[in-house]
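A.B. asks:
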């Protein structure tokens, strides 16, 4: 790096003197706490709605091979939704950690950067105009859309070094995609009744459309990407120290950042194609985990963020489905209304701290 | 000891500055451009282009002309007035806000003002009990103003307490607050259920199907708005030099800022409560005129009003005459021919411009 | 050569010759107290420089005296009136402040900038009247900016830009002018240009000047009175040759230095040798 780039690296060298701590016990506590809450929520989700079931009844419907209505509802509607919520949430949480550390931006979030919306745009095109491509090619297309947006962001980040401005440019991208999605739902050949649900699915994020068959085409991607992502800890920890330090320690920063972004997109694209752009989960989960674990060590934050993300999306979906039953509030709405104010506060304080540091 | 005025050189006025001369020139050019846009707007319609004479006849003798001509005259005149008023008001609000926050990328739609107005108006329709004697048509703008004021206040407090209002921070927090408020709007719509359809047409930022009632509504709103703008111009002009300078020139710590903010809120919520969220005029219009007439608001605000009105007229002209089939025909045959709202047209052009501004900013 | 003002006898002077007077003021940000029990009276007519190390409270004192910061205790009197009893516009008509490193918006000409200085005098609609145009013209000519009146401020050189800002303060037509580090970020040539302008304004237009300066030698060269602050307390006050002493430099600025007399102006000049406590590189000869 040239001398003219920025005077900041000097200070970056000075600040993180101690390596981030690994906290196995706290991680265990967070993971088991999240697991417990997930189990409670899943049980509530499986048993409530129409029809109401006892816990034992729900279990029988789930594991048995009964053909009655209750079994169908539990097996084909409620169960895939829970699985989808957990998978999408875990993917978003992990992607949030990767984006925040790789871009060194405390408020990075795939939905604030436009990645989610680009996938949703492709999704809406594929749904509105079916038959362009065979089904198995769809996930590839989602990936390409996410990667194109990601590449655009990486290019922008080269000339735009201020994290806030990067987020804002990403936000403009997401707004642009969202407007196009709007236009397409507006003019597209949709039947009147579908309009609102399509709007929810593609603009706000909702799990109401999740079935085993929609999950079928995306779960292999997630199952591959999640373990890969959990192994990114080392490069993320290095990047936290700043580009110059990471390069000094022998890392090819540009390449590492691209690879990490690819992994993040690999997580986000399939998740969004199932749930739509659920906002703020990827933003908030890493922060919650860092606070709970009292460390920024990516090795432990990554699995914790997966658990917290999964819990958040499941909670949002369960509340959305059952709180005002029979009125269903999409999960993406809850995350924005409830987590949004926290995100605003976070943007205020985190960036302030950064401004003070520099 | 001699006083300052006694030893002053012979009193004389400075010659009119370059900017003032330019403003005389560009001001008339802008005015003529706006007039041309307006005339084209009135005459041109999909499959229904009138000659000026025919249009005049349709206005003066509505019963003696073909029905299509009569309809054209009846619908286009209020719609044009709405465009002019809305575009001008939003542009003025944007110019004032950019000066007050010393932030070239501030705009009502980016600082929560617009989203607050929409959220409050929808929440009013969804949850408020009916008030006797007051039509919802007139109560809605009041609710919108209140919402805009609260949202603007929240964003202002959040950014003010964090030291100097760093320009991009304000934008980020404004956008996040807007996002939360938009979701709150959606939540209200959800609870409204079937009634939401009426509101959706209003929310889209469209000028279509508006009548003289809407013109009256927005007009009533913009009278205090215009008054506040006149009061705000001098104050915002000083505020763009920085807080300390403004204060040392005799501004009160909060009052003068609140006055400028009130002008912005009234202008914006007046437009938004009638037409729905229309974005990007407030952002872009001041940017277009700044290189021409400079940052002095005594010239910038009027110039921005003219440009903003012209932008709105052109956007709606496109929205009215270019069917979505022409724009997105490549997507397939079975598209609905529904016209796009003017707000969408503005957004599609405005977002790349804002991204460019952000990218270029030092 | 300037006649130094009689600082020592300030208590005996009649009230109207005091431009501004702070009595026992406490000032702070949030809970942090920056100034504690400061007394400072500025007589009409001279140039007073506030100096001190970083964080000593000199800018805070200036801002408090201009009511840009709220007082936590004590009073400030502007001539015979208590500052807190005056309206903001009244203060703006009697006291002009140029804050540190003010940023000009782009696309603003010098004339447009200076016209803003008429704000405290203007009517409710802030329209300019004949006398306002006269003041603007006077301010622009007093700062020698006639040629630049129509240029954009952000296209001027650093010194010209600072002169434009001073012109804005002049357009307020106040007998009292506060400047907060008017020379920061300027090359030395521009620094002297600005300071010469300030001196000329003080002498020719009888404007009382109080300014915060970073450079002690510049303060010594241009001030009639130097007030030195440390940790929110006034530690030295007087004519430059009285205030700037080797002891002060050692105690307050932590430098070993000798103070000599400028052969041209007779003003004190200090030559820094090394930080306090550092080893002597060679014997310092004090003339």
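Chains as they are written, first to last, in our numbering: chain A, 1 to 358; chain B, 359 to 720; chain C, 721 to 1007.
Note that beta-carbon positions come from the ideal geometry of N, C-alpha and C, so glycine has one too.
The structure displayed is predicted, hence computed values, not measured ones.
Per the DSSP calculation, residue 798 of chain C is bridged to which residue(s)?
C.D. replies: Note: residue 798 of chain C sits in a beta bridge opposite C:740 and C:801.
A.B. asks: Quick check for students: name the residue ranges of the beta strand (DSSP E) that lie wholly in the region 812-875 of chain C, counting only runs of 3 or more.
C.D. replies: Every unbroken stretch of the beta strand (DSSP E) spanning 3 or more residues and falling wholly within the region 812-875 of chain C is given here in chain order: 815-818.
A.B. asks: If we ignore side chains and look at the alpha-carbon of each, how far apart do residue 819 of chain C and residue 605 of chain B end up?
C.D. replies: Just so you know, the alpha carbons of residue 819 of chain C and residue 605 of chain B end up roughly 10 Å apart.
A.B. asks: Could you name the residues of the region 701-720 of chain B whose beta carbon sits closer than 8 Å to any beta carbon of chain A, in the order they occur along the chain?
C.D. replies: 702, 705, 706, 709, 710, 712, 713, 716, 717 and 719
A.B. asks: The beta strand (DSSP E) that contains residue 750 of chain C, what's its start and end?
C.D. replies: Careful: residue 750 of chain C lies outside any beta strand (DSSP E) and carries neither H nor E.
A.B. asks: Any beta carbon of chain A sitting closer than 9 Å to that of residue 538 of chain B?
C.D. replies: yes
A.B. asks: What does residue 823 of chain C reach in chain B if we use C-beta pairs closer than 9 Å?
C.D. replies: 460, 599 and 600, listed in chain order.
A.B. asks: Using DSSP's beta-bridge definition, name the partner residues of residue 755 of chain C.
C.D. replies: According to the DSSP secondary-structure assignment, residue 755 of chain C is paired through a beta bridge with C:747.
A.B. asks: Can you find a CB in chain B that lies within less than 9 Å of the CB of residue 817 of chain C?
C.D. replies: Closer than 9 Å to some Cβ of chain B, the Cβ of residue 817 of chain C qualifies, so yes.
A.B. asks: Counting pairs of beta carbons, one from the region 475-489 of chain B and one from the region 617-636 of chain B, are three or more of them closer than 8 Å?
C.D. replies: yes
A.B. asks: Could you tell me whether the Cβ of residue 340 of chain A comes closer than 9 Å to any Cβ of chain B?
C.D. replies: yes
A.B. asks: By the criterion of Cβ-Cβ separation under 9 Å, what are the contact partners of residue 774 of chain C in chain B?
C.D. replies: Here the premise fails: no neighbours, minimum Cβ distance about 18 Å.
A.B. asks: For a contact defined as C-beta to C-beta under 8 Å, what are the partners of residue 533 of chain B on chain A?
C.D. replies: Going along chain A in sequence order, the residues near residue 533 of chain B (Cβ under 8 Å) are 168 and 171.
A.B. asks: Since residue 958 of chain C is in the beta strand (DSSP E), which residue starts that stretch and which ends it?
C.D. replies: 953-958
A.B. asks: Skipping 5 residues on each side, what residues in its chain have a beta carbon closer than 7 Å to that of residue 708 of chain B?
C.D. replies: 637, 638, 641 and 642
A.B. asks: If we require 4 or more residues per run, which alpha helix (DSSP H) segments fall completely within the region 372-447 of chain B?
C.D. replies: For the region 372-447 of chain B, whole alpha helix (DSSP H) runs of length 4 or above, ordered along the chain, are 376-401 and 410-418.
A.B. asks: What residues match up with residue 900 of chain C in a beta bridge as DSSP calls it?
C.D. replies: C:932
A.B. asks: If you scan the region 283-322 of chain A from start to end, which runs of the alpha helix (DSSP H) of 4 or more residues do you find wholly inside it?
C.D. replies: Restricting attention to alpha helix (DSSP H) runs no shorter than 4 residues, the region 283-322 of chain A encloses them at 298-322, ordered along the chain.
A.B. asks: Using a Cβ-Cβ cut-off of less than 7 Å, give me the residues of the region 554-579 of chain B that come near chain A, in sequence order.
C.D. replies: none
A.B. asks: With a threshold of 16 other CB atoms inside 10 Å of the CB of residue 177 of chain A, please say whether the residue is buried or exposed.
C.D. replies: buried
A.B. asks: Using the C-alpha atoms, what's the distance from residue 801 of chain C back to residue 158 of chain A?
C.D. replies: 57 Å
A.B. asks: Measure the C-alpha to C-alpha separation of residue 301 of chain A and residue 295 of chain A and round it to an integer number of angstroms.
C.D. replies: One C-alpha to the other measures close to 8 Å.
A.B. asks: For residue 792 of chain C, return the contacting residues in chain B, with the cut-off set at a CB-CB distance below 9 Å.
C.D. replies: The contacting residues do not exist; residue 792 of chain C stays about 16 Å from chain B at best.
A.B. asks: According to DSSP, what are the bridge partners of residue 762 of chain C?
C.D. replies: C:740
A.B. asks: Please go through the same chain and pick out, in chain order, the residues whose beta-carbon is closer than 6 Å to the beta-carbon of residue 546 of chain B, but skip the five residues on each side of it.
C.D. replies: 480, 481 and 484
A.B. asks: Are the C-beta atoms of residue 343 of chain A and some chain B residue less than 9 Å apart?
C.D. replies: Interface residue (Cβ-Cβ distance to chain B less than 9 Å): residue 343 of chain A is classified as such.
A.B. asks: Is it right to say residue 913 of chain C is buried, meaning 16 or more other beta carbons lie within 10 angstroms of its own, or is it exposed?
C.D. replies: buried
A.B. asks: According to the neighbour-count rule (16 or more other Cβ atoms, all chains shown, within 10 Å of its Cβ), is residue 932 of chain C buried or exposed?
C.D. replies: buried
A.B. asks: Run through DSSP, which three-state label would residue 983 of chain C get?
C.D. replies: coil
A.B. asks: What's the C-alpha gap between residue 648 of chain B and residue 327 of chain A?
C.D. replies: Rounded to whole angstroms, residue 648 of chain B and residue 327 of chain A show a C-alpha spacing of 50 Å.
A.B. asks: Closer than 9 Å between beta carbons: that is the criterion. Which residues of the region 273-284 of chain A meet it against chain B?
C.D. replies: 279 and 280
A.B. asks: Does residue 765 of chain C pass the burial test, meaning 16 or more other C-beta atoms within 10 Å, or should it be called exposed?
C.D. replies: buried
A.B. asks: Note down, in chain order, every chain B residue with its Cβ under 8 Å from the Cβ of residue 827 of chain C.
C.D. replies: Proximity of chain B to residue 827 of chain C at the Cβ level (cut-off 8 Å) is accounted for by 648, 649, 652 and 653, in chain order.
A.B. asks: Whose Cβ in chain C lies nearer than 8 Å to the Cβ of residue 498 of chain B?
C.D. replies: The contacting residues do not exist; residue 498 of chain B stays about 32 Å from chain C at best.
A.B. asks: Would the region 933-940 of chain C and the region 977-994 of chain C be scored as touching if the rule is three or more Cβ pairs under 8 Å?
C.D. replies: yes
A.B. asks: Quick one: list the residues of chain B neighbouring residue 49 of chain A, beta-carbon separation under 7 Å, in chain order.
C.D. replies: Neighbours of residue 49 of chain A on chain B: none; closest Cβ ~18 Å, over 7 Å.
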